[in-house]
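The structure appears below as structure tokens.
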Amino acid sequence: MSKALTPSQLKAELDTQKDALLKACLYALNEIPNRRLSGPYSSTYALAAQVSKLLQSCK
């Protein structure tokens, strides 16, 4: 059974999970060939660059 978390502990845990997920997404984007995208990002590399910036700003 897991122990109860305070709101600040829960937020810290969610932030850790979010960072791990973003890092995994960035890794996956960097493994695939650059490809054009429709939408706010012109390519997979452009999207990867934004994810990388987000990760850097969260440090």
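The opening residue of the sequence shown carries number -11 in my numbering; numbering runs sequentially from there. Glycine included, each C-beta is placed from N, C-alpha and C at the ideal position.
Under the DSSP assignment, residue 33 falls in the alpha helix (DSSP H) whose first and last residues are 32 to 45.
Residue pairing from DSSP places residue 24 in a beta bridge opposite 31. Rounded to the nearest angstrom, the gap between the Cα atoms of residue 23 and residue 13 is 15 Å.
With a contact defined as Cβ atoms closer than 8 Å, residue 36 and residue 17 qualify at about 4 Å. When the beta-carbon positions are compared, residue 7 and residue 43 come within less than 8 Å of each other.
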